[in-house]
Amino acid sequence: MKRILVTGATGQIGSELTPALRQRYDADNVVAAGHRAAPSPALRAAGPFVALDVRDAKALAEVVRQYEIDTVYHLAALLSAVAEADPPRAWEINMQGLVNVLEVARQYRCAVFFPSSIAAFGPDAPRAHTPQVTSQRPRTIYGVTKVAGELLCDYYHQRYGVDTRGVRYPGLISHVAKPGGGTTDYAVEIFYAAVAGRPFRCPLRPDTALAMMYMEDALRAAIELMEADPASLTDRNAFNVAAMSFTPAEIAAAITAQVPGFTMTYEIDPLRQAIAEGWPESLDDSAARQQWGWQPAYDLTATVGEMLAKLAAKRAAGKEG
Ligand code: AKB
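Counting from 34, one number per residue, gives the positions in the sequence shown under our numbering.
Quick look at the structure:
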C-alpha cells in the first residue's frame, strides 16, 4: 500500500485530490499538508494533517521520514495572477518548494507528481491544439516556474532515477474549493454568481477561448498517470491533458440555457486578459492518450450541469453564500 504526502492539500486541487486518494489508498496512508494551521474540520478529521511550508526543507524531510512517505503529490504553488503581484515570492514558493520536494524524493526514493499548466506556453506557441513539444516562452512568472519545474522533474528522473510524473492542466473548474488568484478563475466564479441569482462581471473579453477541465477529470488524470505502468511511458512529465475549450460568451450561453435569468457583463482586467491571450485555447493530448490511456469524461454541457446542481445543493444546505 502506498504512503502518500499531499502538499497544498487545502488548495483548489488538494481539497479534492486528498479525499480521492484517501478513498483509494485508505485515509491513514494519505498525509495532508497545508500551510494553513487550521484546515477544514473535514480534512483534519478524515486523516493525518500536518502544517507545512514547502520552503522549509528540513520540516518537509521530517514529515517524509516520520510518515514513511513513498509518493508525493506536490500541489503547493501560487497561481498566475497572484504570482504576478510578487514574482520573487512566486519563485520562492513554486521553485524552492519543488526543489525541496525533489531533493527529499531523491533521498527517500519517493515518486513525485508535479502539476504543470497551460501557463507553461507563451504567445509564440500555437494557441489551437498546442502540441506537447513546441516553443515554451511564457511571459508570466508562474509560467516560468512551470517550465522550469517540468525540466527539473525530467532532470531528477534522468540524473537520479526519481519517479517524477506530471501533466499540464488546463483551467480547472470545481465546486469544492475556490481557486485563488488564477486567470481561469472566472470559469468557477461565474457559477457562484449564477446560483446566487447575481449578475457576473467577467474579467476576460467575450471571445477569449481557453483550455479548461472539470476537476473530476483532473483528479483522475493525476491518479491514472501515477498508477501507469512505467514501461509504457516514453515521456514522464509535462503531458498535455485536454477536456474542453470555451470562451466567456460560450460558457455564459451554456449557463443561461439552464438559468434563464442569468446575465453577464464585462469588466476587463488587463493583467488577466494579457495572460489569457498567451495561453492555449486547446491542447493536443495524443501523447497522454497513447501512453497511459488518458480520456476526459466531462465536456462543457456536463460540467455546467454538474456545477449548477452541486452549488445549488450547497446553497440550499446553507454552505455557500
Ligand atoms: C491559473 O489560471 O493560474 C491556473 C492555471 C491555468 O494554471 N488555473
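For each residue, glycine too, the CB sits at the ideal point set by N, CA and C.
Being a predicted model, the structure only gives us computed values, none of them experimental.
Nearest-angstrom beta carbon gap, V228 and R348 [assumed within contact, 8 Å]: Between V228 and R348 the Cβ distance is about 6 Å, and since that is below 8 Å, they are a contact.
Which ranges would you report for the alpha helix (DSSP H) in the stretch 197-273 if only whole runs of at least 4 residues count? Runs of the alpha helix (DSSP H) lying entirely within the stretch 197-273 and spanning at least 4 residues, in chain order: 219-229 and 248-260.
Curious, which full-length beta strand (DSSP E) runs of at least 3 residues does the stretch 121-150 contain? Here the runs fully enclosed are 144-146.
Rank A158, E183 and A285 by C-alpha distance to the C-alpha of D317 and give the top, closest one. Of the listed residues, the one whose Cα sits closest to D317 is A158.
Less than 8 Å between the beta carbons of L108 and I37, yes or no? No.
Rounded to the nearest angstrom, how far is the Cβ of R139 from that of G155, given a contact under 8 Å? In fact, because the Cβ distance is near 30 Å, the residues do not count as touching under 8 Å.
Check: A152 C-beta below 7 Å from any heavy atom of the ligand AKB: Result yes, Cβ under 7 Å from the ligand AKB.
Could you compute how far the alpha carbon of E300 sits from the alpha carbon of F233? The alpha-carbon atoms of E300 and F233 are separated by roughly 10 Å.
What are the boundary residues of the alpha helix (DSSP H) that Y193 is part of? Counted as a single uninterrupted DSSP element, the alpha helix (DSSP H) harbouring Y193 occupies residues I174 to Y193.
Counting beta carbon pairs with one atom in the stretch 80-94 and one in the stretch 126-134, are three or more of them shorter than 8 Å? Because the criterion of three Cβ pairs below 8 Å is met, the stretch 126-134 and the stretch 80-94 touch.
I want to check one thing, is the minimum distance from the CB of D218 to the heavy atoms of the ligand ZN below 7 Å? This structure lacks the ligand ZN; its bound ligands are the ligand AKB.
Between the CA atoms of P72 and N62 - distance to the nearest angstrom: The alpha-carbon atoms of N62 and P72 are separated by roughly 18 Å.
Work out the CA separation of V83 and L54 for me, nearest whole Å. Here the alpha carbons of V83 and L54 stand approximately 16 Å from one another.
So, helix, strand or coil for V337, using DSSP? DSSP, read as helix, strand or coil, puts V337 in helix.
Within 8 Å, do at least three Cβ pairs link the stretch 245-254 to the stretch 287-301? At 8 Å Cβ cutoff, the stretches do not touch.
S113 Cβ short of 7 Å to the ligand AKB heavy atom set: Relative to the ligand AKB, the beta carbon of S113 is positioned inside 7 Å of a heavy atom.
Near V115, which residues of its chain fall below 6 Å by C-beta distance, leaving aside the five closest residues on each side in sequence? For V115, same chain residues with a beta-carbon under 6 Å away, outside a window of 5 residues either side, are G214 in chain order.
Could you compute how far the alpha carbon of R122 sits from the alpha carbon of P293? Each residue's alpha carbon lies about 43 Å from the other.
So the candidates are Y202, A261, P212 and I256; which of them puts its Cα closest to the Cα of S315? When each option's Cα is compared against that of S315, the closest is Y202.
Could you tell me which of F224, D196, T217 and M246 sits nearest to A264, measuring between CA atoms? From the listed residues F224, D196, T217 and M246, the smallest Cα separation to A264 is found for D196.
When DSSP builds the beta bridges, which residues end up paired with V64? Partner(s): L38.
Ordered along the chain, which non-local residues of its own chain (more than five positions away) have a Cβ less than 7 Å from that of T51? Excluding positions up to five away in sequence, the list reads V39, A42, V63, A65 and L76.
Rounded to whole angstroms, what is the Cα-Cα separation between D218 and D59? D218 and D59: Cα-Cα distance of roughly 31 Å.
Are the CB atoms of N270 and G199 within a distance shorter than 8 Å? Result yes, Cβ atoms of G199 and N270 sit closer than 8 Å.
Only counting the same chain, and skipping five residues up and downstream in sequence, which positions put a Cβ closer than 7 Å to that of S150? Within the same chain, S150 has close Cβ partners K179, R201 and Y202.
Any heavy atom of the ligand AKB inside 7 Å of the beta-carbon of Y100? The closest heavy atom of the ligand AKB lies 7 Å or more from the beta carbon of Y100.
According to DSSP, residues forming a beta bridge with H107: Its beta-bridge partners are T40.
Considering only heavy atoms of the ligand AKB, does any lie closer than 7 Å to the CB of Y202? Flag set: Cβ of Y202 near the ligand AKB.
Closest Cα partner of T241 within the set A78, R160, R142 and I206: When each option's Cα is compared against that of T241, the closest is R160.
So, under 8 Å CB-CB, T104 and A79 are touching, yes? Tell me the CB distance rounded to an integer number of Å. With a Cβ gap of about 18 Å, T104 and A79 do not count as contacting.
Cβ of A309 within 8 Å of Cβ of L243? In contact: A309 and L243 (Cβ atoms closer than 8 Å).
In the structure shown, what three-state DSSP assignment does L316 receive? Three-state result, L316: strand.
Within the continuous beta strand (DSSP E) that includes T298, where are the two ends? Start and end: M297 to Y299.
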